[in-house]
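Protein chains in written order, with the working numbering: chain A, 3 to 303; chain B, 3 to 303. Heads up, the beta-carbon is just placed ideally off N, CA and C, and yes, glycines get one too. Here is the structure we will look at.
2 protein chains.
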Amino acid sequence: MTLTVVGSIAFDAVETPSGSRDRLLGGSAVHFALASSQLADTRIVGPVGDDFGAEEYAILHARGVITDDVEHVPGGKTFFWAGRYHRDINQRDTLQTDLNVFEDFEPKLSPDSSGADVLFLGNIQPELQRDVREQCDRARFVAMDSMNLWIDIAHEALLQTISLVDCLVLNDSELKQLTDEPNLIRAAHKALDLGPRVVIAKQGEYGSAMITADGFFGLSAYPTSDIVEPTGAGDTFAGGLMGYLAAHADEIDDAALRRAMAYGTACASFNVEGFGSERLYELDRAEIDARVAMLEASSRF
Amino acid sequence: MTLTVVGSIAFDAVETPSGSRDRLLGGSAVHFALASSQLADTRIVGPVGDDFGAEEYAILHARGVITDDVEHVPGGKTFFWAGRYHRDINQRDTLQTDLNVFEDFEPKLSPDSSGADVLFLGNIQPELQRDVREQCDRARFVAMDSMNLWIDIAHEALLQTISLVDCLVLNDSELKQLTDEPNLIRAAHKALDLGPRVVIAKQGEYGSAMITADGFFGLSAYPTSDIVEPTGAGDTFAGGLMGYLAAHADEIDDAALRRAMAYGTACASFNVEGFGSERLYELDRAEIDARVAMLEASSRF
Numbered sequence: 003m004t005l006t007v008v009g010s011i012a013f014d015a016v017e018t019p020s021g022s023r024d025r026l027l028g029g030s031a032v033h034f035a036l037a038s039s040q041l042a043d044t045r046i047v048g049p050v051g052d053d054f055g056a057e058e059y060a061i062l063h064a065r066g067v068i069t070d071d072v073e074h075v076p077g078g079k080t081f082f083w084a085g086r087y088h089r090d091i092n093q094r095d096t097l098q099t100d101l102n103v104f105e106d107f108e109p110k111l112s113p114d115s116s117g118a119d120v121l122f123l124g125n126i127q128p129e130l131q132r133d134v135r136e137q138c139d140r141a142r143f144v145a146m147d148s149m150n151l152w153i154d155i156a157h158e159a160l161l162q163t164i165s166l167v168d169c170l171v172l173n174d175s176e177l178k179q180l181t182d183e184p185n186l187i188r189a190a191h192k193a194l195d196l197g198p199r200v201v202i203a204k205q206g207e208y209g210s211a212m213i214t215a216d217g218f219f220g221l222s223a224y225p226t227s228d229i230v231e232p233t234g235a236g237d238t239f240a241g242g243l244m245g246y247l248a249a250h251a252d253e254i255d256d257a258a259l260r261r262a263m264a265y266g267t268a269c270a271s272f273n274v275e276g277f278g279s280e281r282l283y284e285l286d287r288a289e290i291d292a293r294v295a296m297l298e299a300s301s302r303f
Numbered sequence: 003m004t005l006t007v008v009g010s011i012a013f014d015a016v017e018t019p020s021g022s023r024d025r026l027l028g029g030s031a032v033h034f035a036l037a038s039s040q041l042a043d044t045r046i047v048g049p050v051g052d053d054f055g056a057e058e059y060a061i062l063h064a065r066g067v068i069t070d071d072v073e074h075v076p077g078g079k080t081f082f083w084a085g086r087y088h089r090d091i092n093q094r095d096t097l098q099t100d101l102n103v104f105e106d107f108e109p110k111l112s113p114d115s116s117g118a119d120v121l122f123l124g125n126i127q128p129e130l131q132r133d134v135r136e137q138c139d140r141a142r143f144v145a146m147d148s149m150n151l152w153i154d155i156a157h158e159a160l161l162q163t164i165s166l167v168d169c170l171v172l173n174d175s176e177l178k179q180l181t182d183e184p185n186l187i188r189a190a191h192k193a194l195d196l197g198p199r200v201v202i203a204k205q206g207e208y209g210s211a212m213i214t215a216d217g218f219f220g221l222s223a224y225p226t227s228d229i230v231e232p233t234g235a236g237d238t239f240a241g242g243l244m245g246y247l248a249a250h251a252d253e254i255d256d257a258a259l260r261r262a263m264a265y266g267t268a269c270a271s272f273n274v275e276g277f278g279s280e281r282l283y284e285l286d287r288a289e290i291d292a293r294v295a296m297l298e299a300s301s302r303f
């Protein structure tokens, strides 16, 4: 089964208490694809500038990510984000965000990308997400992310896009903000009323929760003691989640969604153990499976 | 098997977005005992004033709580706490704390109380906790709570008390503060180095986690959408936890501790569904068992 992700492709600069980097391969679609490609063939859709070259493509190709729909904008610069993490690595400040080639991005998917069985709409402008969703009319399962910015400045467009997907994946604070409801369970049910049949709340260091009309599943985060730099952890979670679902697209039921969350959790735990996505470059599937097994053992009673 | 809890017995006044109460039966030992008594015979140790009377004793006795070691201080007033909850019920401000009879409390346990198999040291001054712990020299399993106040003003005494218990139960933020370590797993291992063989982090709306030298267990909170007033949720969690352990004191192993956390989680979920502990007054064991079963189903994959 095939998986397409649309989202940002970026260079990130980060400062952390244990060191800093001024040019990391990043962006929601990149973090996502480096995880999902462990589990399913993944096509990545997004724009890059002249500064995105052979080295970056080589990283994606080494993991088997299909980059035919990466759009090179001649004369443009790749999306850039800079941030500083606190001693409590769960806290960060954004220092700089340069949209660059993203400012005029109009996704046009090739037939191979738009024909995917499973689609993930990474965190970009809701109108663009809707445009991509409408191009992928054969997808059996569509999930999306978003962020506080779009909840604030493109609320109606965001609600419309949410109505077109099967699954909404959001930080729990954003889910509460979206629905103006401080209780997670009520917030999730308000989000279900917008259209999706599945809502997944990302809870950072605490883990994640899945809420459906008649069900609940909660999973703690992998107990990582060596967090180097957590940028993209949520995107990596979505990558592991959707990669697993793409590999099991014949029957995306409650059991598959639960196991998919464990794959997302395991992938995210590797992502935070290095700068950028570096820890994912050389990862093999057996390492992911081992953490999924550990999560299974550490959540049973 | 018998269980003794020492802690505060209080009157609470609370304001919430959905209403307010000016005199609720509260205090750490009360919330604890109203939960633990569902699972094991519970003796409660703590001081009260002249304002604590037949009505309050009747509530405890209706649940079978043994009050022989409740110390009446003639002319004194019972501990009083007042707080205001925000629209996000996870946020609160303390409005007033009157120690009253707690100021001169010196716990003296009867032979029946000091002979308990299982002991819980609720959140009181660490020197008093140590004093009680030393009186209960036959206890097979001893756990304790604490709070940011004692971490700040009685740090050394707190470390000494921690060295004398089997299990430390703390809010995750307090665990991080105690050990000056922002990563939960590292913080828990630093706490294990102080002496206990089990550290349990209470994570509020997210759930709880247990860390031992070579193990990890994470459990989401029960998915409650009707939170009325959460005062004492952590104490109720500890009550369910320790009640279960007292009923299984012959073998307090990893499996028993995990199931005990589920009982604590279930009890806490009832506590937050009403003002004070009111929801626990008429609760029966079958309702608790049903939520434990639901937690089991909602954490498996």
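Proximal residues of chain A, C-beta to C-beta of residue i below 7 Å
| i | result |
| --- | --- |
| proline 225(B) | Ile187, Phe218 |
| arginine 261(B) | Phe303 |
Neighbourhood of residue i by C-beta distance below 7 Å, restricted to the same chain and skipping five residues each side
| i | result |
| --- | --- |
| alanine 268(A) | Tyr224, Gly242, Ile290, Arg293, Val294, Leu297 |
| serine 115(B) | Thr6, Arg45, Val47, Asp71 |
| arginine 25(A) | Phe13, Ala15 |
| serine 165(B) | Leu196, Gly197 |
| histidine 74(A) | Val50 |
| methionine 244(B) | Leu5, Ser38, Val120, Phe122, Ala145 |
| alanine 189(B) | Leu177, Lys178, Thr181, Glu183 |
Contacts around residue i, its chain only, beta-carbon distance under 8 Å, and the 5 residues preceding and following it disregarded
| i | result |
| --- | --- |
| arginine 199(A) | Asp168, Cys169, Thr214, Ala215 |
| asparagine 102(A) | Gly51, Gly78, Lys79, Thr80, Phe81, Phe82 |
| lysine 316(A) | Given that chain A is displayed from residue 3 to residue 303, the structure contains no residue 316(A) and the question cannot be resolved. |
| glutamine 162(A) | Pro128, Arg132 |
Min CB distance residue i to chain A below 9 Å
| i | result |
| --- | --- |
| asparagine 173(B) | no |
| glutamate 298(B) | yes |
| histidine 191(B) | yes |
| leucine 282(B) | no |
| leucine 221(B) | yes |
| lysine 110(B) | no |
| isoleucine 202(B) | no |
| lysine 310(B) | Residue 310(B) lies beyond the stretch modelled for chain B, which goes from 3 to 303, so this question has no answer here. |
| isoleucine 290(B) | no |
| isoleucine 213(B) | yes |
Cut-off 6 Å between Cβ atoms - residues of its own chain near residue i, not counting five sequence neighbours on either side
| i | result |
| --- | --- |
| arginine 281(A) | Phe272, Glu275 |
| alanine 270(B) | Ala235, Thr238, Phe239 |
| arginine 142(B) | Asp119, Ala251 |
| methionine 149(A) | Asn125 |
| alanine 264(A) | Val294, Leu297 |
| valine 32(A) | Ile11 |
| alanine 84(B) | Ala15, Leu97, Gln98 |
| tryptophan 152(A) | Pro128, Leu160 |
Unbroken alpha helix (DSSP H) run spanning residue i, endpoints
| i | result |
| --- | --- |
| glutamine 98(B) | Careful: glutamine 98(B) lies outside any alpha helix (DSSP H), inside the beta strand (DSSP E) at 94 to 100. |
| valine 308(B) | Because chain B in this structure spans residues 3 to 303, residue 308(B) falls outside the shown range and cannot be described. |
| cysteine 269(B) | 256 to 273 |
| histidine 33(A) | 30 to 38 |
| arginine 188(A) | 186 to 195 |
| glutamate 280(A) | 280 to 283 |
| arginine 132(B) | 128 to 137 |
| leucine 161(B) | 157 to 164 |
Proximal residues of chain B, C-beta to C-beta of residue i below 9 Å
| i | result |
| --- | --- |
| arginine 89(A) | Pro184 |
Per-residue contacts from residue i into chain A (C-beta, under 8 Å)
| i | result |
| --- | --- |
| tyrosine 208(B) | Gln205, Tyr208, Gly209 |
Chain-ordered neighbours of residue i on chain B, where CB pairs are closer than 7 Å
| i | result |
| --- | --- |
| alanine 264(A) | Phe303 |
Endpoints, beta strand (DSSP E) assigned at residue i
| i | result |
| --- | --- |
| threonine 18(B) | 12 to 18 |
| valine 171(B) | 169 to 173 |
| serine 301(A) | Counting along the chain, serine 301(A) falls outside any beta strand (DSSP E), and DSSP gives it neither H nor E. |
| tyrosine 87(A) | 81 to 87 |
Partner residues on chain B for residue i, Cβ-Cβ distance less than 8 Å
| i | result |
| --- | --- |
| isoleucine 229(A) | Asn185 |
CB contact below 9 Å: residue i versus chain B
| i | result |
| --- | --- |
| asparagine 92(A) | yes |
| alanine 257(A) | yes |
| isoleucine 254(A) | no |
| isoleucine 153(A) | no |
| message | Taking 8 Å as the cut-off, does the segment 209 to 221 of chain B touch the segment 244 to 262 of chain A (at least 3 CB pairs, one atom from each stretch)? | response | no
| Inter-stretch contact at 8 Å, needing at least 3 Cβ pairs: the segment 104 to 112 of chain B / the segment 129 to 148 of chain B | yes
| message | When you compare the segment 7 to 23 of chain B with the segment 49 to 65 of chain B, are there three or more beta-carbon pairs, one atom per stretch, that lie closer than 8 Å? | response | yes
| For the 8 Å Cβ check, are there 3 or more pairs between the segment 56 to 69 of chain B and the segment 181 to 189 of chain B? | no
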